Structure formats: C-alpha cells, structure tokens
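Numbering-wise (UniProt numbering), the sequence shown opens with residue 1 and increments by one. For every residue, glycine included, the Cβ atom is placed at its ideal position computed from N, Cα and C. Given the structure is predicted, the values throughout are model-derived calculations rather than measurements. Worksheet for the structure shown next.
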Amino acid sequence: MKRGTLTVLLACAGLGTGCSDTQATTGFAGLSGTYDLAMVGDLVFVTSSDRDELQVLDLSTDPKQFIPAPNPLQTLAIPVLDRPDSLTRDVGYKADGSDHAGPYVYARSAGASQISVVAAGPDRLVQVLRLEGRSLITAFAARSPAPVPEGQAPGPGVLYYGIQDPDAPFEADTGGSRVERQWVPGPDALGAGEAVPAAVTLFCLQPGESVQAMAVLPNDQLVVATRQATGLTGRTLLVQDTNPETSVDCTTPTAAVRDLSAGFDNFPVRYLVTHPRVSIPDNTETPQNEAQVMEAGQFVFGIKDELSCGGATECTGVLAVDTLTGLTATDLSGAKMLPIRPPDGLPTGLALVPTATLRLRLVGPEGTVTADASATVPLLGLMPSSNGSITTFSASDRRQFDLDQRRANVVVEARNELEQAITVGGASTLVNVSQAVEYPCDPSNPTGTSVTRRTLLEGSVVNGLFRFIYQGAFPSMVDLTRDLTTPTSFVVPQATEVSRQVRVDDSIVLANQDIRCTTDLKVTSIRPASEAGKVVLETTTPIPEDCAELPLFTVRAGGDQPFVLVNDLGEFLSRDVEDSGPGYQIPTSYYFHPADFTQTTTVADSATTCGVSGDITVPLFPAAPPPLTLRATATNALSRGDRFVVSVGSGVRNHISGVDTSSSSGAGLAFYTLPGPVVAAQSGGASLAYIAYPSADGILQLNLSVIVDNTVNAFGLSAFE
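Here's what the structure looks like:
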C-alpha cells in the first residue's frame with residue numbers, strides 16, 4: 001500500500017535497470033547573463049543579458065549546438081531590448097487539452113517598460129516587434145493563437161502584461177496598477193504589414209498592488225498573482241479574458257472570477273505555472289479503478305513569496321490550487337497538500353513536465369536499493385533552489401516522491417566506549433523511541449477515559465542519530481582543572497535547563513593526562529558559585545591518597561538518571577531519559593503525507609480499557625503529530641561508557657539531486673552552483689530538462705533518466721555556454 005504508486009510507475013515503464021549516459025557535446029556561444037530561458041519545440045531561447053541579446057540552442061541537432069549565424073564561425077545573436085532578464089512563450093491548448101505552442105518568445109527587463117517580441121520559428125529567429133507599455137512592466141504571459149486546420153493562417157495571439165500605475169504626476173487619477181491585453185498578429189501577418197492594435201486594459205488591481213506573476217489557462221482565463229507595496233500581502237486571482245475592445249475603467253478595481261488566495265494560505269505568490277491535460281494510469285495493485293485525468297489548467301502551482309513573512313516556514317515552498325474551487329489541492333492521500341520545499345535555500349525556478357521519464361531508485365527493507373529503473377511520471381515537477389539542489393517531485397500526486405519502502409523506523413545497537421559493538425540482551429527493548437497518541441474512548445467525552453497508542457508517524461519523524469551513554473560524562477565537564485586548595489569542591493558550569501544539570505549522586509572522576517582515579521567521588525551537595533552560570537559541587541567521599549594531587553576532573557551522570565543523551569554532533573540533549581523519567585521530546589509536524597494518511601486503524605487491547613466489545617477505531621494519523629519521545633532503561637549488563645546508538649529513520653526519501661562542482665569530478669562544472677529557471681518539453685515523453693545557471697553563464701542539460709537522487713552528479717549533465 002505504502003509504495004504502490006512508485007511500484008506501478010516502475011512496472012509500467014518496462015525498462016531495465018541499466019542506465020546509459022547520453023551526454024552530448026557541449027556547445028559554446030559566449031553567453032553572458034543567463035537569467036532566464038524559454039523552450040519552443042526543439043529550441044531553447046536563453047538570455048545573454050550583458051549583450052542585450054538572446055541565443056538559441058538547437059536540440060534537434062546531434063550534437064546539440066547553438067544555432068549558427070550566417071557567419072558559421074559565430075552563433076546567431078537575436079538583438080532585443082536592453083539587458084533582458086525574463087522570458088516567456090506563447091502557451092495554448094488544443095481541443096484534447098495538450099500543449100499548443102505559439103509563434104513567439106517574449107523578452108523583458110526589470111525596471112523597463114518595453115517587451116521584445118521574437119519569432120520562435122527556426123526559419124525566422126528575429127525580433128519582429130518591440131512593444132512599449134504605458135508604465136514599468138512587472139510580469140507577462142502570452143496565449144497562443146487558436147489552433148487552425150493545416151494550411152490555414154492562424155489568427156493573432158494575446159500578450160498579457162502587468163504595469164505599474166501609468167499616471168504621471170499632476171495628471172488625473174485613472175487608477176493603479178493593471179493588466180494590459182495586447183493582440184499580437186502572427187509573423188506572416190506582421191511581415192505583410194498588418195498593423196498592431198493598441199493594448200487595452202483587461203483588469204484593474206487594488207490600490208498599492210502590482211502584478212508579480214501570471215499564467216495562462218484554457219478557456220480564455222489566466223491567473224494573476226499580486227503583491228502589495230508593503231510586500232506583506234497579496235492576492236492570487238483567476239481572471240477571465242472577455243476580449244474587451246476598450247480599456248476597463250481602473251478607478252474601480254475589477255472583480256475576479258475567483259479568488260485563489262486562500263488556496264495559497266493567503267500569502268503572496270511570486271511564480272506561477274500550470275499544465276496541459278494529464279492522464280494518470282490505474283494502480284493495478286489495488287481493486288479500485290484509480291485512473292484519473294487532470295484537465296488542462298486544473299491546478300496552478302505557485303511559489304510562495306518568502307519576503308512576505310521574512311522567510312519563515314509558513315510562507316515558503318510550492319503549493320497547488322484547484323482552479324475550479326480555489327482551494328488548496330489534495331495530494332495522493334486525499335489530505336490537503338503540504339508545501340513542497342527544497343532541503344535548503346529558496347526555489348529559483350519551477351517547471352511541470354507531462355509524462356516525463358525519470359530514474360527512480362527504491363530503498364528496500366534492509367536499507368539498500370532494491371529497484372533502479374526509469375519510469376514514466378504522469379506530471380513531474382522540477383524545482384531548482386538557491387543552495388544548488390534540484391528537487392524532483394510528483395506534481396500529479398501533489399507531493400514529494402518517497403523512494404523509501406520502509407515506514408519510520410528505529411535501529412538500536414549497543415556499543416562500548418570505543419564504539420565497538422557489544423552484546424546487551426534485548427537492547428532494542430531497552431530503548432523506547434515513539435510518539436504517544438491519546439484517544440478518548442468516547443470522542444464525545446474528550447476528558448473521559450482514554451487509551452494510548454505508541455507509534456512512529458511517517459511524515460512527521462525526521463532522520464536522527466542519538467547516543468544514550470551510560471554514566472556518560474557531561475560534555476562541558478570533561479577534564480576540568482581542580483583547585484587543589486579546596487580539594488572537595490569542584491566548580492562546574494551549570495545549564496539553565498533542569499534536564500541538563502548536574503545533580504546530587506552524580507560522580508566526579510579525578511585524573512591527569514596519564515591515569516584516572518579508580519575511586520568515584522559522589523556529589524553530595526551543590527551550591528551556587530561566585531561566578532554566574534556556575535555551581536560548586538561538594539563531595540564527602542574520601543579521596544585516596546594516590547589521587548589527591550590529580551589536577552583534572554570529569555563529572556559523570558549517576559543516581560536514578562545515569563544516561564547522557566547526545567546527538568550525532570555530540571551535543572548534550574538531556575539526562576532525564578531513564579524510562580522512569582519524562583524522556584527527551586522532539587517536536588514534530590507533518591512534512592509528508594503517506595498514501596494511507598487518511599485511513600484508520602484500531603488500538604490494540606483498547607476494548608478492555610474502554611469497556612466496549614471491540615477495539616476502538618481511530619485515525620491512522622492524528623490531525624497533529626505528538627512529539628517524538630526518547631527513553632532508555634539501564635541494565636546490569638552496561639558498564640560505564642557503554643551506549644545505545646539509536647538510528648531514527650524517517651521512512652521518507654525524497655528525490656533531490658545536485659551538481660558535482662568539484663574539480664576532481666572532471667566534469668568542468670565548477671561554476672554551476674546557483675541554478676535559475678528550468679524548462680522542459682510539454683509535448684510528453686521528455687527525459688531532458690534545461691536549467692539556466694547565472695553563476696556559470698550557461699545552460700545545464702539534465703538527463704532525468706540518468707541522474708542519481710540524493711547525491712551530486714557529474715554524469716547525465718551537459719553544459720552549454
């Protein structure tokens with residue numbers, strides 16, 4: 001049940017586990033300022049901003065190369081407006097919902113009021129038009145001309161662009177920022193001298209708003225994301241293109257067809273993408289027919305604007321909204337989709353790729369890769385981020401991939417002070433790592449009798465490594481220097497948290513660089529020290545004569561809480577972890593929904609406690625996960641310094657990869673550290689994606705059927721500069 005979807009994808013692919021690297025010869029065009037790219041057919045357009053031009057990578061040639069200029073020693077440069085940094089293409093949909101490309105690519109520059117219109121046909125790669133907006137242009141999107149029978153000339157396309165308030169000082173107020181609509185005749189019509197009509201205002205924003213992003217949907221609709229001047233608020237709106245012949249009056253804001261803002265948690269959105277029609281195959285491992293169809297534009301995916309809340313978690317990541325309801329989309333489990341976030345950094349691009357081919361490596365019960373094959377993903381999401389990672393997710397499931405076939409799990413190993421494995425009978429039963437979920441026997445009486453279910457909730461538990469060290473030394477109290485003038489008094493730092501404090505019945509061990517006293521000095525009392533943050537430990541244990549002059553001391557846990565819990569970095573977490581104590585608690589929250597997230601289970605032996613005939617049925621996953629609690633039980637089999645090494649596994653393994661920028665890789669990718677926007681073919685069956693890298697002034701081709709998850713890659717990548 002848990003991994004049925006991935007298993008089906010791999011089975012349907014019918015491909016072997018061997019993957020070959022189809023790296024192409026790199027092309028060179030002397031790019032400078034690769035801030036954005038757009039893909040039309042077999043052509044990838046990329047900005048060379050420092051040269052005020054676009055270059056075009058031809059994917060149909062072997063090897064792939066930048067289109068040459070009439071002088072074959074040079075590449076074709078398309079002059080456009082000054083310093084282009086944003087591109088978009090015509091987006092349209094055929095009657096069957098598939099992608100319908102248009103004839104143009106459009107370029108703009110931040111802080112400019114112009115848009116360059118570039119013919120995207122391989123036989124006519126030139127700027128055919130430069131449009132002048134009435135004010136600064138902040139975002140744009142374009143709709144392809146409607147499909148027509150072969151041999152018939154297509155009609156005009158539509159360019160949408162957002163502008164700031166166009167009113168000059170001391171002019172009459174005509175309203176604020178707005179969305180303009182511009183008919184754009186086709187290249188042949190322009191070549192024949194057809195006039196370009198003036199733009200008209202389609203949609204008027206509220207005072208203080210500006211357009212941040214737009215995306216074209218079918219049925220003459222588009223999504224517009226706005227942001228207030230404060231940067232703290234904004235709206236995401238579904239807008240209907242009514243094909244107005246004259247501008248609407250912007251002294252009154254226009255009403256949207258639907259406000260999608262709540263679906264994005266009422267945070268501004270800075271980037272929008274949508275998808276063509278997608279068919280999701282049935283999972284043959286289940287009795288239900290789960291075949292689905294995502295109609296074109298059914299979901300719009302957006303990157304939340306991190307500046308709206310200072311980069312706090314709640315305003316980060318990618319969400320999808322159902323354009324029919326305005327609500328956050330549900331994921332594979334049927335629960336409300338969780339934001340998809342990179343492991344670190346901020347998203348720098350987002351692309352959705354229909355029926356994409358992706359290499360999937362599944363981890364089996366033993367923690368090793370048990371399946372490695374290319375599979376077809378109905379709708380793949382690609383999200384580069386500023387830390388250099390590339391997150392690949394299932395946009396058709398509206399959630400991250402989970403390549404781990406295990407549930408959340410705990411592995412316990414007993415070791416000695418030298419980290420050598422030792423035998424401690426029942427070690428796994430002496431450590432308790434779990435989440436305690438309380439359920440009332442009668443849901444209508446939440447304060448009545450309840451039962452406890454101890455479990456590990458996949459999607460809330462994170463990977464971790466912990467050590468319960470028996471009679472362990474406090475990390476801040478190792479080999480401290482004694483004051484031999486007060487031989488029974490020992491000054492030590494004392495934490496403010498009670499769970500990390502030294503206590504009566506702990507042990508003091510005297511030593512020097514060579515020997516250690518075999519007699520422990522028991523802490524019999526503790527008093528404040530003259531120095532803030534420190535205390536004085538007193539002992540009444542007689543000090544052996546041969547230990548009296550030892551200059552160093554270490555304090556170790558003892559008494560009824562003899563364990564010291566540390567993390568993988570050796571940081572001291574708590575001492576109150578003996579089974580009789582409160583344990584160490586780690587707050588949790590859901591970051592992933594397993595496929596069975598909305599299902600139910602029964603609580604074993606709850607019938608007796610609740611006085612009912614059968615065990616009670618409860619949600620498999622509670623609405624909010626309880627903290628993860630770590631406890632251990634001491635045993636006579638443990639000697640000082642022995643420890644339980646506890647590995648907590650989340651059971652979740654996302655598909656995240658990176659670029660090997662090391663010089664030792666030999667790939668020559670040292671400057672490919674900061675990815676930007678990403679594009680891929682929309683016609684289906686793509687296994688290649690293209691990412692702009694401003695840090696390298698280049699484009700990086702990713703072979704999705706070759707790259708390996710959860711590592712940096714040198715193979716399956718090709719650079720074009």
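Residue i to residue j span [Cα, whole Å]
i           : j      : result
Pro677      : Leu43  : 16 Å
Arg407      : Leu565 : 24 Å
Thr355      : Gln471 : 57 Å
Ala329      : Gly317 : 14 Å
residue 794 : Arg643 : Residue 794 lies beyond the residue range present for the chain, which begins at 1 and ends at 721; the question has no answer from this structure.
Asp506      : Leu569 : 24 Å
Ser109      : Arg398 : 32 Å
Asp660      : Phe671 : 10 Å
Ser606      : Pro528 : 49 Å
Gly121      : Gln682 : 17 Å
Gln74       : Gln55  : 11 Å
Lys94       : Met294 : 15 Å
Thr17       : Ala101 : Summary for Thr17: the model assigns pLDDT 42, below 50, so the residue's position carries little reliability, and this model does not support an answer.
Asp331      : Val555 : 52 Å
Val412      : Val652 : 19 Å
Ile707      : Thr673 : 17 Å
Phe715      : Lys534 : 55 Å
Thr61       : Val269 : 38 Å
Val502      : Asn463 : 29 Å
Gly459      : Gln400 : 11 Å
Arg134      : Ser113 : 7 Å
Ala667      : Asp305 : 34 Å
Ser476      : Ser428 : 29 Å
Asp21       : Tyr690 : For Asp21, the predicted model reports a pLDDT of 44, less than 50, meaning its position is unreliable and no value from the coordinates is stated.
Gly234      : Leu190 : 38 Å
Pro281      : Asn409 : 31 Å
Exposure of residue i, with buried meaning 16 or more beta-carbon neighbours within 10 Å
i           : result
Val498      : exposed
Arg3        : Per-residue confidence for Arg3 stands at a pLDDT of 44, beneath the threshold of 50, marking its modelled position as unreliable; the derived number appears in the next sentence. Buried, by the Cβ-count rule.
Ser718      : buried
Thr88       : buried
Arg124      : exposed
residue 745 : One cannot answer for residue 745 here, as it falls past the ends of the chain, which runs 1 to 721.
Ala107      : buried
Ser687      : buried
Arg130      : exposed
Asn567      : exposed
Phe28       : exposed
Phe170      : exposed
Val437      : buried
Asn713      : buried
Gly111      : exposed
residue 777 : Here the chain covers residues 1 to 721 and nothing more, so residue 777 does not appear.
Anticipated Cβ contact below 8 Å, residue i with residue j, distance rounded
i      : j      : result
Pro84  : Leu76  : Actually they do not touch by this definition, with Cβ atoms about 15 Å apart.
Ser386 : Pro343 : Contact flag wrong, Cβ pair sits at about 11 Å.
Gly231 : Leu307 : 5 Å
Leu202 : Pro156 : With a Cβ gap of about 15 Å, Leu202 and Pro156 do not count as contacting.
Tyr161 : Glu132 : Going by Cβ atoms, the distance from Tyr161 to Glu132 rounds to 11 Å, so no, they are not a contact pair.
Pro625 : Ser589 : 7 Å
Leu205 : Met214 : At roughly 12 Å, the Cβ-Cβ gap does not stay under 8 Å, so Leu205 and Met214 are not in contact.
Thr449 : Thr609 : 7 Å
Ala229 : Thr236 : 17 Å between Cβ atoms; not a contact.
Ala680 : Leu379 : At roughly 11 Å, the Cβ-Cβ gap does not stay under 8 Å, so Ala680 and Leu379 are not in contact.
Ile526 : Leu537 : 6 Å
Identified DSSP bridge partners for residue i
i      : result
Ser647 : Val411, Leu465
Val200 : Arg181
Leu552 : Thr481, Ala511
His655 : Thr392
Ile526 : Leu537
Glu209 : Gln228
Pro493 : Lys534
Ile137 : Ile163
Ala69  : Note: Ala69 sits in no beta bridge, so no partner.
9 Å Cβ cutoff, residue i in contact with chain C
i      : result
Val117 : Protein chains in the displayed structure number just one, and chain C is not present.
For this session: Decide yes or no for the touch test of the segment 582-595 against the segment 473-484: beta carbon pairs closer than 8 Å, at least 3 of them.
Result: no
Exercise. Are at least three pairs of beta-carbons, each pair with one atom in the segment 601-615 and one in the segment 487-496, less than 8 Å apart?
Worked result: no
For this session: Could you say if the segment 172-179 and the segment 244-264 meet the contact criterion of at least three C-beta pairs nearer than 8 Å?
Result: yes
Exercise. On the three-pair Cβ rule with 8 Å, is the segment 511-530 touching the segment 538-545?
Worked result: yes
For this session: Say whether the segment 688-708 touches the segment 349-364, bearing in mind that this needs 3 or more beta-carbon pairs closer than 8 Å, one atom from each stretch.
Result: yes
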